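Participant: First the structure, which I've put down as structure tokens, then a few questions once you've had a look.
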Amino acid sequence: MCDRNEYIPSAYEIKDVVKQTDAEYTFRVAYSADVKPGQFFEVSIPKFGESPISISEIGPDYIDLTIRKVGRVTSEIFTYTGGDKLFMRGPYGNGFDLDVFKGKELIVAAGGTGVSPVKPVIDYFAANPGEVTSCKVLLGYKSQQDILFKNSLANWTSSLDVSLTLDRAEEGYGGRVGFVSALVPGLDIANPPEAQVIVVGPPAMITSTAKEFLNRGIAISNIWISLERRMCCGIGKCGHCRINDQYVCLDGPVFNYEKGVNLVD
Amino acid sequence: MGLVLSASRFGKLMEEWSKKYDIYAPALFEGSGPFSDTDQVRYAKVTSLEEIVFDKKSNYPFKEAILPITQVLFYFTEDEVREAAPRGRDAVIFLRSCDFNALRSLDAIYIRNVIEDHYYKGVRERAKFVVMGCESSFDNCFCVDMETNTCSGYDAYIHLEADSVTLDIVNPELADSFSFESGENAQITPKFVTATTTRVNIPGNLDASVAGSDMWDEYHTRCTSCGRCNFVCPTCTCFSMQDVSYTDNGKCGERRRVWASCQVDGFTDMAGGHSFRANKGQRTRYRVLHKVYDFKKRNGYHMCVGCGRCSDACQEYISFSACVNKLEKAMGVK
Ligand SMILES: Cc1cc2nc3c(=O)[nH]c(=O)nc-3n(C[C@H](O)[C@H](O)[C@H](O)COP(=O)(O)OP(=O)(O)OC[C@H]3O[C@@H](n4cnc5c(N)ncnc54)[C@H](O)[C@@H]3O)c2cc1C
Ligand code: SF4
Ligand code: FES
């Protein structure tokens, strides 16, 4: 049995930093080992601490981490630029199993920073649209300033059916207004009992959106969610992320909704 | 190897052990108890039989001997991290049957929960366990109902008689370089309690619906979220990370882990102001159901070993066993 010390982070080179919004930057990090959509890394900055961060893009020799500046660790990361070294450990978590979605009608609903963890799934099927019967993407943001991954959005639109909605009406915006969940009732779903659905966002968004999908006849076992909880280790030891008998860091963050709906925090 | 030794001969054996091992055992700390003018029994490094407390339950469990309250994981400089050196010496740990059973739960989390914890494993593999017999149970103990009153697999067993020490050395390494006299050999029977005054009944058909019961509400008003129940529990293992820098410019420092409590504010805090279980009754539910339901679902046996320390330590006199005994009635009742 290997006696690996999981707590020791390693240094990875930052290749590039791209500003998404005022508070969210994408850090492209040199990385070429195996990693799955939906997994996360513990970005681990000595002196500042650690933050679990989802992988927002998987490249041949890099991964992207899209980080929102909210506190101690994330503010420190925002001082980093291309060429700097970023300490990380991971990848952790189960991630999404793409095979489950292949050959199926797929609907992805994501809100705000919740778009990050599913972005590699959307990227994959945007590049390989023939591997699903259809793929619809429903994205919700607070305002125009909060829209993430604008560059990818153009890409996705060429091969997938993408709808975007903002929480509030704004000047100069002619698109849809309302929560992501409100898009579900009007959705054209060819074969609801067979369709696969991913819902990622804040807890209230997950609950309300999943409910709309259930109302549309989607099977509960075909709904997948990704959860965020406080984490201090990422490896099933610190206990902070535990819900009932499940560890979000080990057994999740992706859960089948049949199990997820019954988790009582 | 069953043995009956005089106190002075056992003292000699401890001297021998001390050459190789750090010996951890329950010891008396006068005047530092949870209530005013009370003493406290806590784990400490000992070298003699006199220091070991046999006739009281330790207020704190053995876990701090293998999972320190604060543990340095690594040191860092500007561009390098260096693992903290493991503790120098192997350990001999004196503990009772309940605590020895608690080790199983620590192992479940720190070794068997998918990824091994390098630090725990290192110390654990270098520790030997001496189980102290129990003449009778203490206040609030309910080990018999938790099936932790007996144990096997220990490195040695010990109990005291009026003027002798009864010992069963199972691991021959503990008898290394010590010659026992033939008159010291004896047939010994470990003392394990077979009945406790405090009893618990964990319903066999307990299910998650009990989380929705109103039985938890009273704890919202009674519990002050001090977290003592977690710190005295031999099976509570949660921690938080802490980075400390030594110098003003912060370039050098260490990352540590520090015991954490699921009862204390902040345990679930996330960015954006989200948190879970603001209600203290729900925190009690989270802790109690982990001990007697959720952990078992994952690992096949109960986490709680029935030591009763959480009840002993609670300043609001919240009894863990009384709470567990409410589960049956609370099932299916909203
Ligand atoms: C599986 C997972 C994936 C995540 N993916 C992303 C992502 O892709 N992009 C992103 O920007 N953020 C992500 N987060 C959230 C991110 O981890 C936190 O915002 C970050 O840890 C805050 O750290 P900080 O030191 O900057 O903030 P702090 O100064 O520590 O505190 C700011 C706030 O963040 C909370 N917080 C601190 N540590 C954690 C933690 N470990 N987990 C959750 N909240 C915490 C604090 O309680 C406080 O409310 C993810 C979280 C999880 C659990
Ligand atoms: S929950 Fe209470 S009685 Fe059970 S092992 Fe922990 S401290 Fe002892
Ligand atoms: S993050 Fe520590 S147990 Fe999951």
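Chains as they are written, first to last, in this note's numbering: chain Z, 1 to 265; chain E, 266 to 599.
Cβ coordinates follow ideal geometry from the N, Cα and C atoms, glycine included.
Bear in mind that the values here come from a model prediction, so they are computed numbers and not experimental data.
Quick check: N564 (chain E) and S526 (chain E), are their CB atoms within less than 8 angstroms of each other?
Facilitator: Taking the first residue of the second sequence as position 1, residue 564 (chain E) is located at position 299. Taking the first residue of the second sequence as position 1, residue 526 (chain E) is located at position 261. Not a contact, by the Cβ cut-off of 8 angstroms.
Participant: If I measure Cβ to Cβ from A356 (chain E) and keep anything under 8 angstroms in the same chain, skipping five residues before and after, which residues do I get?
Facilitator: Position 91 of the second sequence, counted from the first residue, corresponds to residue 356 (chain E). Once the five neighbours on either side are set aside, the close Cβ partners of A356 (chain E) are Y286, D287, I288, Y289, A330, I331, V388, R391, A392, K393.
Participant: For ligand 2, enumerate in chain order all residues having a CB closer than 6 angstroms to any of its heavy atoms.
Facilitator: In chain order, the hits are E:V497, E:C498, E:P499, E:T500, E:K556, E:C569, E:V570, E:G571, E:C572, E:G573, E:R574, E:C575, E:F585.
Participant: Would you give the residue range spanned by the beta strand (DSSP E) that I331 (chain E) belongs to?
Facilitator: Counting from 1 along the second sequence, the entry for residue 331 (chain E) is found at position 66. It is not in any beta strand (DSSP E) - I331 (chain E) carries neither H nor E in the DSSP assignment.
Participant: Let's test the definition: count the other Cβ atoms within 10 Å of the Cβ of R361 (chain E) and tell me whether it reaches 16, buried, or not, exposed.
Facilitator: For the purposes of this step, residue 361 (chain E) is taken as the residue at position 96 of the second sequence. When all chains shown are included, R361 (chain E) counts as buried.
Participant: If you follow the alpha helix (DSSP H) that K136 (chain Z) is in, where does it begin and where does it stop?
Facilitator: The sequence position of residue 136 (chain Z) within the first sequence is 136, counting from 1. No alpha helix (DSSP H) contains K136 (chain Z), which is instead part of the beta strand (DSSP E) from 134-141.
Participant: For S510 (chain E), tell me which candidate among Z:F48, Z:S10, Z:D84 has the shortest Cα-Cα distance.
Facilitator: Indexing the second sequence from 1 puts residue 510 (chain E) at position 245. Of the listed residues, the one whose Cα sits closest to S510 (chain E) is Z:F48.
Participant: How is the beta strand (DSSP E) around H424 (chain E) delimited, first residue to last?
Facilitator: Against the second sequence, residue 424 (chain E) aligns to sequence position 159. Per DSSP, H424 (chain E) belongs to the beta strand (DSSP E) from 421-426.
Participant: Pull up the distance between the alpha-carbon of A210 (chain Z) and that of S226 (chain Z), whole angstroms please.
Facilitator: Taking the first sequence and counting its residues from 1, the one referred to as residue 210 (chain Z) is at position 210. Taking the first sequence and counting its residues from 1, the one referred to as residue 226 (chain Z) is at position 226. The straight-line gap from Cα to Cα measures roughly 12 angstroms.
Participant: Between the segment 236-260 of chain Z and chain E, which residues of the former have CB atoms less than 7 angstroms from a CB of the latter, in chain order?
Facilitator: Against chain E - using a Cβ distance shorter than 7 angstroms - the residues of the segment 236-260 of chain Z are G236, K237, C238, G239, H240, N244, D245, L250.
Participant: In terms of residues, what are the limits of the alpha helix (DSSP H) holding F275 (chain E)?
Facilitator: In the second sequence, the residue the question calls residue 275 (chain E) occupies position 10. Where F275 (chain E) is concerned, the enclosing alpha helix (DSSP H) stretches over 272-285.
Participant: Since I believe T454 (chain E) is in contact with S402 (chain E) (beta carbons under 8 angstroms), could you give me their beta-carbon distance rounded to a whole number of angstroms?
Facilitator: Mapped onto the second sequence, residue 402 (chain E) falls at position 137. Mapped onto the second sequence, residue 454 (chain E) falls at position 189. Not a contact, Cβ separation roughly 18 angstroms.
Participant: Counting only the same chain and skipping the five closest in sequence on each side, list residues whose C-beta sits under 8 angstroms from that of C363 (chain E).
Facilitator: Residue mapping note: residue 363 (chain E) aligns to position 98 of the second sequence, counting from 1. Here the set comprises C406, C408, M411, T413, N414, P499, V570, G571, C572.
Participant: So with CB distances below 7 angstroms, who are the chain Z contacts of Y228 (chain E)?
Facilitator: Outside the shown range of chain E, which is 266 to 599, sits residue 228 (chain E), and nothing can be said about it.
Participant: Can you find a C-beta in chain Z that's less than 8 angstroms from the C-beta of L592 (chain E)?
Facilitator: Stepping through the second sequence from its first residue, residue 592 (chain E) is reached at position 327. Not one chain Z Cβ lies under 8 angstroms of L592 (chain E).
Participant: Does ligand 3 have even one heavy atom less than 7 angstroms from the beta-carbon of M231 (chain Z)?
Facilitator: Walking along the first sequence from the start, residue 231 (chain Z) turns up at place 231. Yes, the Cβ of M231 (chain Z) comes within 7 angstroms of a heavy atom of ligand 3.
Participant: With a cut-off of 5 angstroms, give the chain-ordered residues whose Cβ is closer than this to any heavy atom of ligand 1.
Facilitator: So the residues near ligand 1 by this Cβ test are Z:F40, Z:S51, Z:P52, Z:I53, Z:S54, Z:I67, Z:R68, Z:V70, Z:G71, Z:R72, Z:V73, Z:T74, Z:S116, Z:E228, Z:R230, Z:M231, Z:P253, E:D534, E:M535, E:A536.
Participant: Less than 7 angstroms separating the Cβ of V248 (chain Z) from some heavy atom of ligand 3?
Facilitator: Within the first sequence, the letter at position 248 stands for residue 248 (chain Z). Yes, ligand 3 has a heavy atom inside 7 angstroms of this Cβ.
Participant: Once DSSP output is grouped into helix, strand and coil, what is the label at L160 (chain Z)?
Facilitator: Against the first sequence, residue 160 (chain Z) aligns to sequence position 160. L160 (chain Z) falls in the coil class under three-state DSSP.
Participant: Any beta carbon from chain Z within less than 8 angstroms of E348 (chain E)'s own beta carbon?
Facilitator: For this step, residue 348 (chain E) is matched to residue 83 along the second sequence. Output row for E348 (chain E): interface = yes.
Participant: By a C-beta neighbour count over all protein chains shown, 10 Å radius and 16 as the cutoff for buried, is N324 (chain E) buried or exposed?
Facilitator: Translated into the one-based positions of the second sequence, residue 324 (chain E) becomes position 59. Answer is buried; the Cβ neighbour count reaches 16.
Participant: Looking at the C-beta of I198 (chain Z), does it have a partner C-beta in chain E at a distance below 8 angstroms?
Facilitator: The residue labelled residue 198 (chain Z) in the question sits at position 198 within the first sequence. No, because no Cβ of chain E sits closer than 8 angstroms to the Cβ of I198 (chain Z).
Participant: Mapping DSSP to helix, strand and coil, what is A195 (chain Z)?
Facilitator: In the first sequence, the residue the question calls residue 195 (chain Z) occupies position 195. Of the three classes helix, strand and coil, the one that applies to A195 (chain Z) here is coil, per DSSP.
Participant: Once DSSP output is grouped into helix, strand and coil, what is the label at Q246 (chain Z)?
Facilitator: Sequence index remark: in the first sequence, residue 246 (chain Z) carries index 246 (1-based). The answer is strand: DSSP assigns Q246 (chain Z) an E or B state.
Participant: Please go through the segment 171-227 of chain Z and give each complete alpha helix (DSSP H) segment of 4 or more residues, from N-terminal end onward.
Facilitator: Fully enclosed alpha helix (DSSP H) runs of 4 or longer: 203-215.
Participant: Looking at H485 (chain E) and ligand 5, is the gap between the Cβ and the nearest heavy atom below 7 angstroms?
Facilitator: Ligands in the displayed structure: ligand 1, ligand 2 and ligand 3; ligand 5 is not one of them.
Participant: According to the neighbour-count rule (16 or more other Cβ atoms, all chains shown, within 10 Å of its Cβ), is D530 (chain E) buried or exposed?
Facilitator: Locating residue 530 (chain E) in the second sequence gives position 265, counting from the first residue. Classification for D530 (chain E): exposed.
Participant: For chain E, find out if any of its Cβ atoms is closer than 8 angstroms to the Cβ of N5 (chain Z); answer yes or no.
Facilitator: One-based indexing of the first sequence puts residue 5 (chain Z) at position 5. Chain E, which has a Cβ nearer than 8 angstroms to the Cβ of N5 (chain Z), makes this yes.
Participant: Does DSSP put T74 (chain Z) in a helix, in a strand, or in coil?
Facilitator: Numbered from 1 along the first sequence, position 74 holds the residue referred to as residue 74 (chain Z). Three-state result, T74 (chain Z): helix.
Participant: With a CB to CB cut of under 7 angstroms and the five nearest residues on each side skipped, what residues in its chain are close to M1 (chain Z)?
Facilitator: Indexing the first sequence from 1 puts residue 1 (chain Z) at position 1. Only weak support exists for where M1 (chain Z) lies, its pLDDT of 43 falling under 50; the coordinates are left without a value.
Participant: Chain C beta carbons: is any one of them nearer than 8 angstroms to that of A476 (chain E)?
Facilitator: Of the protein chains in this structure, namely Z and E, none is chain C.
Participant: Would you say C232 (chain Z) faces chain E, with C-beta separation under 8 angstroms as the test?
Facilitator: In the first sequence, the residue the question calls residue 232 (chain Z) occupies position 232. Yes, contact with chain E.
Participant: Does H424 (chain E) pass the burial test, meaning 16 or more other C-beta atoms within 10 Å, or should it be called exposed?
Facilitator: As a position in the second sequence, residue 424 (chain E) is number 159, starting the count at 1. Looking at its Cβ environment, which holds 16 or more other Cβ atoms inside 10 Å, H424 (chain E) is buried.
Participant: How would you call E280 (chain E), buried or exposed, if buried means at least 16 neighbouring beta carbons within 10 angstroms?
Facilitator: The residue you call residue 280 (chain E) lines up with position 15 of the second sequence. E280 (chain E) should be labelled exposed.
Participant: With a threshold of 8 angstroms between beta carbons, is H485 (chain E) in contact with chain Z?
Facilitator: Working through the second sequence from its first residue, we reach residue 485 (chain E) at position 220. It does not; no Cβ of chain Z falls within 8 angstroms.
Participant: Would you mind giving the Cβ-Cβ distance between G236 (chain Z) and I380 (chain E), rounded to the nearest angstrom? I have them listed as a contact below 8 angstroms.
Facilitator: For this step, residue 236 (chain Z) is matched to residue 236 along the first sequence. For this step, residue 380 (chain E) is matched to residue 115 along the second sequence. That belief holds up - the Cβ atoms of G236 (chain Z) and I380 (chain E) are roughly 6 angstroms apart, short of 8 angstroms.
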